[in-house]
Amino acid sequence: MFAIFLDSVGTLIQNCGFTSLSFGQALMILVSFLLMYLAIGRGFEPLLLLPIAFGMFLTNIPNANLYHTLIFINETGHIDWSLLAETGGLLDYLYLGVKLGIYPPLIFLGVGCMTDFGPLIANPKSFLMGAAAQLGIFLAFFGALCIGFTPAEAGSIGIIGGADGPTAIFTTTQLAPHLLGSIAVAAYSYMALVPIIQPPIMKALTTKEERMIKMEQLRPVSKIEKLIFPVLVTLVVAFLVPDTTPLIGMLMLGNLFKESGVTDRLSKTAQNELMNIVTIFLGVTVGATANAASFLNLKTLGIVAMGLCAFAFGTAGGVLLGKLMCVLSGGKINPLIGSAGVSAVPMAARVSQKVGQAENPTNFLLMHAMGPNVAGVIGSAVAAGVLLAILK
Amino acid sequence: MFAIFLDSVGTLIQNCGFTSLSFGQALMILVSFLLMYLAIGRGFEPLLLLPIAFGMFLTNIPNANLYHTLIFINETGHIDWSLLAETGGLLDYLYLGVKLGIYPPLIFLGVGCMTDFGPLIANPKSFLMGAAAQLGIFLAFFGALCIGFTPAEAGSIGIIGGADGPTAIFTTTQLAPHLLGSIAVAAYSYMALVPIIQPPIMKALTTKEERMIKMEQLRPVSKIEKLIFPVLVTLVVAFLVPDTTPLIGMLMLGNLFKESGVTDRLSKTAQNELMNIVTIFLGVTVGATANAASFLNLKTLGIVAMGLCAFAFGTAGGVLLGKLMCVLSGGKINPLIGSAGVSAVPMAARVSQKVGQAENPTNFLLMHAMGPNVAGVIGSAVAAGVLLAILK
Amino acid sequence: MFAIFLDSVGTLIQNCGFTSLSFGQALMILVSFLLMYLAIGRGFEPLLLLPIAFGMFLTNIPNANLYHTLIFINETGHIDWSLLAETGGLLDYLYLGVKLGIYPPLIFLGVGCMTDFGPLIANPKSFLMGAAAQLGIFLAFFGALCIGFTPAEAGSIGIIGGADGPTAIFTTTQLAPHLLGSIAVAAYSYMALVPIIQPPIMKALTTKEERMIKMEQLRPVSKIEKLIFPVLVTLVVAFLVPDTTPLIGMLMLGNLFKESGVTDRLSKTAQNELMNIVTIFLGVTVGATANAASFLNLKTLGIVAMGLCAFAFGTAGGVLLGKLMCVLSGGKINPLIGSAGVSAVPMAARVSQKVGQAENPTNFLLMHAMGPNVAGVIGSAVAAGVLLAILK
Amino acid sequence: MSIDFTLAGAVIFTGLVVVFTALVGLWGIVALFGRFFSAASNKPKPSEPPKAAPAPAPKPAAPAAPAAPVAKAAPVPVVEDGIGDEIVAVIAAAVEAMGAGESGGYVLQSIQNAAPVGAAPQFQQVVKGGRPAWAQAGLMQNTQPF
Amino acid sequence: MSIDFTLAGAVIFTGLVVVFTALVGLWGIVALFGRFFSAASNKPKPSEPPKAAPAPAPKPAAPAAPAAPVAKAAPVPVVEDGIGDEIVAVIAAAVEAMGAGESGGYVLQSIQNAAPVGAAPQFQQVVKGGRPAWAQAGLMQNTQPF
Amino acid sequence: MSIDFTLAGAVIFTGLVVVFTALVGLWGIVALFGRFFSAASNKPKPSEPPKAAPAPAPKPAAPAAPAAPVAKAAPVPVVEDGIGDEIVAVIAAAVEAMGAGESGGYVLQSIQNAAPVGAAPQFQQVVKGGRPAWAQAGLMQNTQPF
Ligand code: NA
Ligand code: NA
Ligand code: NA
């Protein structure tokens with residue numbers, strides 16, 4: 009009888025994680041610890057990187073069965089519903105919100121409730137810089153193709169340059185779901201690194217005189233303009249690239265909640281509790297897709313390299329268009345605000361402000377940079393729509 | 009090679025909204041703008057009409073594919089799960105909460121947390137007026153039949169007279185889902201118009217002396233009564249018309265959360281965040297059902313006409329029973345509080361107060377009107393249960 | 009024609025609850041009223057017992073069809089998705105979150121955000137008492153076997169002694185879903201009765217001198233320890249018993265949200281709105297599983313009896329190990345803190361404090377008892393993992 | 002198309018019968034237990050009214066009504082006697098909602114004529130930490146569509 | 002593996018064309034209606050500026066900037082004239098975020114040089130109940146990853 | 002019915018073994034790193050205690066304990082030295098929860114006898130903006146079932 013007890017313990021030992029841990033899983037758990045350190049210790053976008061890291065940790069615990077790659081990534085290209093019904097774990101169920109494209113638009117709903125498009129409406133020329141900063145997306149796409157990624161993968165990698173987490177996740181889920189973990193980590197890490205990546209590029213491409221340019225104060229924007237704006241943008245963008253409607257539509261619905269002034273209840277919940285709940289679910293499950301097989305390979309290195317290119321070229325694109333506009337406007341536009349066009353709201357705008365103030369302490373570019381900054385969100389949604397339309 | 013580029017752009021142009029927009033879609037988008045104006049500019053129940061209008065806008069963008077009517081409305085009468093799995097868009101997934109009858113009861117949960125049944129408990133005669141005001145439901149049902157609607161459609165139209173958004177949506181989803189958009193818009197619009205629709209009817213049916221009647225102060229209501237009340241009402245109503253249990257049960261659970269005093273956490277979340285989240289999802293997806301085919305036809309006109317009848321006859325029914333009770337009570341009951349029986353909490357009660365005060369500035373009817381007002385919620389839930397039982 | 013009217017009314021009467029009420033349903037409704045009284049009038053864990061009671065009330069209303077046992081409990085052992093699609097009611101849909109094991113981990117996420125593991129880190133010897141207090145689980149398991157329950161049922165009954173609602177529900181859903189209602193009611197009732205069940209046992213097993221022992225103040229705990237702790241516990245527990253990873257993983261993710269200090273947004277939402285929403289859904293649907301067939305039988309009596317045993321033996325186990333540690337430590341440990349190892353956070357710790365103070369008014373054991381208390385949560389998660397691994 | 006008048010009649014007849022049955026039934030039951038409980042609870046109340054006394058004048062918590070003449074509205078205890086804070090708050094909220102401009106002077110007038118109502122603004126001073134009630138009232142205002 | 006340069010070219014070309022088309026189009030439309038509305042709304046504003054006048058100095062609401070010399074920053078009305086509370090709050094938040102230590106003295110300087118900006122800290126005093134704006138700013142800070 | 006005692010034994014034996022293995026293992030590891038970190042963190046603390054000094058008496062923030070004799074409880078710094086606000090708040094909350102009536106006099110007594118504990122009410126005065134801690138404690142109270 010004692011033998012039976014030992015047998016029972018033996019089975020447990022067999023199933024327990026210590027004996028079945030693979031080398032890849034061990035390495036992935038260490039990677040997740042590194043990401044936790046970056047999130048908590050270094051403040052790298054902790055609201056998303058911490059859940060992502062913890063999801064990565066949980067998914068690599070042997071036999072825990074919280075997430076099953078095969079349910080979502082298989083030959084059929086569709087969710088394997090019967091496998092889900094049989095073996096589904098907690099993170100499989102929560103991941104449905106990512107896979108079905110529900111969470112990213114809901115986060116955009118909350119972002120819309122927090123975004124002030126006033127600076128963009130006051131200075132609509134900013135749209136141009138928001139467009140130019142998407143250059144990085146397409147150059148990184150090309151680079152990724154060149155180093156051997158498939159077109160769909162390359163599109164997902166390029167979108168890292170959009171500097172917009174939800175857009176990157178939304179696009180990648182449809183184009184290259186097997187890269188979701190790496191791409192999300194790269195996107196959020198680089199967004200956290202914007203204050204380090206951008207300044208040298210901005211300084212290299214501008215002269216001291218350009219950086220010292222002071223810009224005219226923005227004109228006041230009336231409430232009616234702020235109300236028409238979200239509807240107008242939805243109309244134009246959704247008509248032009250219908251694939252991006254879930255993102256841009258929810259972003260603008262949120263903004264309408266905010267600007268209408270009659271739906272404060274909805275605006276507050278959308279930008280707080282709803283967004284936080286979705287953020288937790290999104291982060292943990294996106295992290296959970298990062299198993300050893302999909303993360304520990306050369307592709308991840310390629311993603312890291314091309315993601316950096318995307319950010320760098322996006323910054324350069326924005327600044328160069330800023331220079332052009334500076335010339336055309338007769339020196340009234342400070343090209344530094346162009347770099348904010350990569351999105352990464354509001355960090356990239358702060359970087360513009362900081363670099364500008366370093367030359368001239370009385371120079372306040374923040375509000376001017378907010379224009380390209382929010383235009384960049386719209387711009388990368390458009391770019392995502394194009395990639396989805398062609399590559400899906 | 010340049011030809012291929014053009015080809016690629018050409019495909020995008022072919023798919024883009026500007027070229028594939030149908031006349032109906034264009035018209036529906038204009039209708040959605042009108043509703044946005046009513047919600048924001050005129051304050052027509054903005055918490056629901058704004059999401060509804062935006063959902064209507066999104067659903068009519070060509071090729072955006074956010075919502076697919078065929079998934080939910082087809083010959084089988086059931087949700088086409090395989091079509092959902094293949095082509096489902098954001099609003100299809102969120103619409104499941106409407107289609108499966110989840111959102112309306114959850115909104116009622118929140119409403120229950122905010123409702124004070126004290127005035128009804130103090131003056132239970134108010135139940136009578138809450139019953140009489142349901143007259144409009146049945147007359148509008150008859151009217152709708154007469155102008156050519158099917159019985160199930162007519163039932164859904166009648167329930168507009170319940171003056172209760174979630175009840176109308178809950179009923180229509182089961183009886184006539186293809187009319188959901190029009191009926192929801194009509195219901196919320198008329199609820200917003202209560203201060204305009206009711207006063208002339210109330211004045212026409214009452215004499216100046218009746219309108220000047222002051223009512224005795226309501227007796228205090230003990231906590232134990234407030235605790236027994238929700239359980240009692242659930243028991244009676246759910247036993248009598250089981251089909252309405254999801255609505256009445258959740259309403260009363262919410263009220264119990266409120267009155268128990270020991271579940272404040274739950275009550276606060278149910279009436280705020282949970283309700284707001286559900287409101288956003290409900291509004292946007294109900295709006296999304298309104299495509300051109302289902303909205304731009306004579307039926308919508310019929311719904312608008314019969315909805316108005318429902319409100320008018322409901323008001324009249326309540327006032328007339330109020331007159332009867334005034335006589336029977338020896339002039340102690342002001343018939344104006346009868347009109348509050350249509351529900352539209354708390355707007356209809358405010359209208360009673362206002363019309364009464366117009367005759368006699370010292371007349372405070374608000375609390376007395378709250379009795380029929382909340383009784384009307386129960387009354388229309390009962391009426392909905394009957395319609396569902398017979399017509400489903 | 010009048011005959012047809014009567015016919016129609018007749019059908020309604022036939023379907024109405026008053027005529028089709030079974031004796032069992034009537035009794036169950038009375039039981040639900042008793043539970044409501046316990047929740048509201050006596051303060052028995054109202055946040056869960058009130059929703060559970062109301063769910064029990066709703067599910068026993070004839071013909072309301074809010075919940076269908078057959079969908080979840082049938083020969084196949086799986087959810088009958090086609091039956092759900094055809095006949096699903098409100099509580100069926102909400103119950104999916106219980107059945108699929110989603111709600112309990114989400115509640116643990118919130119609990120993690122509210123738990124301070126500091127006292128356990130400062131005095132890790134407490135882990136021992138948290139382990140010993142799980143004795144009740146295994147003795148009640150044996151007792152349940154002896155009085156005729158199947159092993160899987162006995163495991164579910166034993167876990168009541170874990171004094172942790174979500175753990176009990178999580179385990180029971182997988183091992184013995186047909187007992188979910190009774191076990192949840194027993195678990196939460198006994199948790200509310202901890203201040204009555206524990207003191208006599210604690211006094212019987214300890215001497216006055218032991219109870220008067222004052223303990224040394226706890227050492228301060230650094231932030232880095234608080235950050236490593238949740239990751240470490242997840243690592244050890246999830247590796248050892250992978251089946252418990254959803255619970256322990258979410259508990260520790262919540263704690264990391266709290267301790268990291270950089271994700272306050274997420275922590276606040278997880279411990280408030282998300283937890284409240286899930287609590288409402290969990291309570292109502294767990295209550296809904298309690299129909300007459302599954303609740304009104306001798307098994308429920310057995311569950312009640314064995315649940316009490318589980319609590320009593322758990323308390324005894326904790327106290328006895330406390331006595332041992334008292335001896336081994338040379339009288340520095342007050343054995344009263346051992347009883348807190350059953351979990352029931354923070355009530356059991358308060359009981360330790362209160363019993364200790366009754367002997368010596370200057371004795372403050374609360375913080376020392378918090379150590380075994382939170383260790384007990386971890387301990388019962390481990391025990392649940394073992395039961396699931398062997399009995400599932 | 003031909004209308005099924007029998008079905009129509011059945012729906013209308015059944016509907017009205019059931020609605021009235023349900024609500025008349027509820028009236029009866031609620032009236033019954035109301036009589037029972039109000040009889041039971043009529044005695045232990047007299048200890049409460051003094052609560053209102055010590056705070057006759059200072060610091061109006063809300064701008065809903067001119068505070069000065071309110072102090073004259075003697076029968077304040079009536080409000081205390083069982084009507085919940087929220088009810089009073091709702092009345093006050095309604096007064097406010099009806100538009101200050103439209104019927105500017107009536108608040109004052111009504112206060113002197115109708116004692117129970119005049120007590121409302123007064124009550125606001127009693128409940129100094131009266132935020133919850135007002136927040137609740139504001140909330141109701143915000144959520145009327147539901 | 003061979004790269005499909007045609008596809009790559011098509012993606013890049015189409016992408017840039019569409020992105021620029023969309024955003025240039027939006028620029029045009031927004032500029033157009035901006036001109037229309039700013040023309041329309043330029044008149045009814047002059048009644049607002051005095052709002053700033055009565056609160057020149059006391060009780061700085063936030064520690065973001067040294068308050069004393071601010072009173073000299075005369076052209077306060079510029080801020081009032083249409084720029085929302087939140088915009089000003091965001092500027093102030095950014096100033097704070099940039100680190101007080103790093104560029105400690107600049108706030109004072111800039112206030113005297115650049116009137117529109119100098120008005121920012123000043124504004125904080127005007128909006129005494131300025132929490133919402135600040136809360137919003139803090140919130141934005143917290144949610145930058147999205 | 003026949004009971005499968007082998008299975009029962011296996012479950013109980015395995016269960017206890019695994020539970021004790023897991024928790025004893027955690028004890029070991031936590032004790033280990035606890036020793037490491039408490040060694041590491043013992044030095045940089047001495048600058049904190051003075052924080053308690055300047056606020057010996059005024060304005061008790063909570064009614065949990067009689068404030069007057071508290072000032073005598075000298076060893077306040079003990080509390081400062083690393084025990085989090087919440088821990089102290091939880092103690093105080095427990096004191097309150099235990100019922101003032103039941104053991105009315107003990108607070109005073111204990112303060113003079115047991116210095117570390119006596120420090121608790123004192124602490125309340127130090128943390129004037131102590132709401133978060135109390136809110137947290139209240140929350141814990143509210144959520145005990147979970
Ligand atoms: Na971008
Ligand atoms: Na109604
Ligand atoms: Na336990």
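Residue numbers (this note's numbering), protein chains in the order written: chain A, 9 to 400; chain B, 9 to 400; chain C, 9 to 400; chain D, 2 to 147; chain E, 2 to 147; chain F, 2 to 147. We put the CB at the ideal spot given by N, CA and C, even for glycine.
Practice item. Specify whether the segment 138–148 of chain A and the segment 6–20 of chain E touch according to this definition: at least 3 beta carbon pairs, one from each stretch, less than 8 Å apart. Key: yes
Review point. Residue 239 of chain A to residue 347 of chain A, Cα distance in whole Å?
Key: The count along the first sequence starts at 1 and reaches residue 239 of chain A at position 231. The count along the first sequence starts at 1 and reaches residue 347 of chain A at position 339. So the two alpha carbons sit approximately 27 Å from each other.
Exercise for review: Counting only the same chain and skipping the five closest in sequence on each side, list residues whose C-beta sits under 7 Å from that of residue 164 of chain A.
Suggested key: Taking the first residue of the first sequence as 1, we reach residue 164 of chain A at position 156. Answer for residue 164 of chain A: 179, 180, 183, 184, 187 and 191, listed in chain order.
Practice item. Mark residue 25 of chain A as exposed unless 16 or more other C-beta atoms lie within 10 angstroms of its C-beta, in which case mark it buried. Key: For the purposes of this step, residue 25 of chain A is taken as the residue at position 17 of the first sequence. Buried, since its Cβ has 16 or more Cβ neighbours within 10 Å.
Exercise for review: Consider the C-beta atom of residue 346 of chain B and the heavy atoms of ligand 1; say whether any pair is separated by less than 7 Å.
Suggested key: In the second sequence, the residue the question calls residue 346 of chain B occupies position 338. Incorrect: residue 346 of chain B has no Cβ contact closer than 7 Å to ligand 1.
Check your understanding: Whose Cβ in chain D lies nearer than 8 Å to the Cβ of residue 334 of chain B?
Key -> By 1-based counting over the second sequence, the position of residue 334 of chain B is 326. Under the 8 Å cutoff, chain D gives no residues; its nearest Cβ is about 17 Å from residue 334 of chain B.
Practice item. Run down chain F in chain order and give the residues with a C-beta less than 9 Å from the C-beta of residue 17 of chain A. Key: Start at 1 with the first residue of the first sequence, and residue 17 of chain A comes out as number 9. Those are 11, 14, 15, 18 and 19, listed as they occur along chain F.
Review point. Taking only beta-carbon atoms, is residue 4 of chain F less than 8 Å away from chain A?
Key: Position 3 of the sixth sequence, counting from 1, holds the residue named residue 4 of chain F. So no, residue 4 of chain F is outside the interface.
Check your understanding: For residue 456 of chain C, which of helix, strand or coil comes out of DSSP?
Key -> The question about residue 456 of chain C has no answer here: the residues shown for chain C are numbered 9 through 400.
Review point. Straight-line CA distance for residue 260 of chain A to residue 166 of chain C?
Key: Position 252 of the first sequence, counting from 1, holds the residue named residue 260 of chain A. Position 158 of the third sequence, counting from 1, holds the residue named residue 166 of chain C. So the alpha carbons of these two residues sit roughly 53 Å apart.
Review point. Between the segment 190–204 of chain A and the segment 350–364 of chain A, do three or more beta carbon pairs fall short of 8 Å?
Key: yes
**Study point:** Closer than 8 Å to chain A by CB, residue 86 of chain C
**Key:** Along the third sequence, one-based indexing puts residue 86 of chain C at 78. Cβ-Cβ to chain A under 8 Å: yes for residue 86 of chain C.
Review point. Residue 92 of chain C lies in the alpha helix (DSSP H); which residues open and close that run?
Key: Your numbering for residue 92 of chain C matches position 84 in the third sequence. Element bounds for residue 92 of chain C: 89–95.
Check your understanding: Buried or exposed: which applies to residue 18 of chain A, given that a residue is buried once 16 or more other Cβ atoms fall within 10 Å of its Cβ?
Key -> As a first step, residue 18 of chain A is located in the first sequence; it is residue number 10 there, counting from the start. Residue 18 of chain A comes out exposed.
Practice item. Kindly indicate if chain F contains any beta-carbon less than 8 Å away from that of residue 391 of chain C. Key: In the third sequence, counting from the first residue as 1, residue 391 of chain C sits at position 383. Judged by the 8 Å Cβ criterion, residue 391 of chain C is in contact with chain F.
Review point. Is the beta carbon of residue 136 of chain C sitting closer than 8 Å to the one on residue 333 of chain C?
Key: Taking the first residue of the third sequence as 1, we reach residue 136 of chain C at position 128. Taking the first residue of the third sequence as 1, we reach residue 333 of chain C at position 325. Going by C-beta atoms, residue 136 of chain C is nearer than 8 Å to residue 333 of chain C.
Point to revise | Residues near residue 377 of chain A by beta carbon distance below 7 Å, same chain, minus five either side | key: Taking the first residue of the first sequence as position 1, residue 377 of chain A is located at position 369. Once the five neighbours on either side are set aside, the close Cβ partners of residue 377 of chain A are 345, 348, 357, 360 and 361.
Exercise for review: May I have all residues whose beta carbon comes closer than 6 Å to any heavy atom of ligand 1, sorted in chain order?
Suggested key: A:170, A:171, A:172, A:350, A:351, A:384, A:385, A:387 and A:388
**Study point:** Coarse secondary structure for residue 155 of chain C, derived from DSSP in three states
**Key:** On the third sequence, position 147 is the one that residue 155 of chain C refers to. Coil.
**Study point:** Residue interval of the alpha helix (DSSP H) (run including residue 238 of chain B)
**Key:** Along the second sequence, one-based indexing puts residue 238 of chain B at 230. 231–248 is the extent of the alpha helix (DSSP H) around residue 238 of chain B.
Review point. Taking C-alpha atoms, which residue in A:63, A:75, A:108 and A:34 lies nearest to residue 85 of chain A?
Key: Your numbering for residue 85 of chain A matches position 77 in the first sequence. Measuring from the Cα of residue 85 of chain A, the nearest candidate turns out to be A:108.
Check your understanding: Any chance the CB of residue 176 of chain C is under 7 Å from a heavy atom of ligand 3?
Key -> The count along the third sequence starts at 1 and reaches residue 176 of chain C at position 168. No.
Practice item. State yes or no: is the beta carbon of residue 341 of chain B nearer than 8 Å to at least one beta carbon in chain E? Key: Stepping through the second sequence from its first residue, residue 341 of chain B is reached at position 333. By this cut-off, residue 341 of chain B is not an interface position.
Review point. From B:138, B:87 and B:168, pick the residue whose C-alpha is nearest to that of residue 395 of chain B; which is it?
Key: Position 387 of the second sequence, counted from the start, is the residue given in the question as residue 395 of chain B. Among B:138, B:87 and B:168, the Cα nearest to that of residue 395 of chain B is on B:168.
Check your understanding: If residue 385 of chain C and residue 172 of chain C are in contact, beta carbons under 8 Å, what's the gap, nearest whole angstrom?
Key -> Here residue 385 of chain C corresponds to residue number 377 of the third sequence, with the count starting at 1. Here residue 172 of chain C corresponds to residue number 164 of the third sequence, with the count starting at 1. Indeed, because the Cβ distance is near 6 Å, the residues count as touching under 8 Å.
Practice item. Examine chain E for any beta-carbon lying closer than 8 Å to the beta-carbon of residue 12 of chain B, and answer yes or no. Key: Position 4 of the second sequence, counting from 1, holds the residue named residue 12 of chain B. It does: the Cβ of residue 12 of chain B has a partner Cβ on chain E nearer than 8 Å.
Check your understanding: Does at least one heavy atom of ligand 2 sit under 7 Å from the Cβ of residue 141 of chain B?
Key -> Here residue 141 of chain B corresponds to residue number 133 of the second sequence, with the count starting at 1. Flag set: Cβ of residue 141 of chain B near ligand 2.
Review point. Is it right to say residue 115 of chain C is buried, meaning 16 or more other beta carbons lie within 10 angstroms of its own, or is it exposed?
Key: Position 107 of the third sequence, counted from the start, is the residue given in the question as residue 115 of chain C. Per the 10 Å Cβ criterion, buried.
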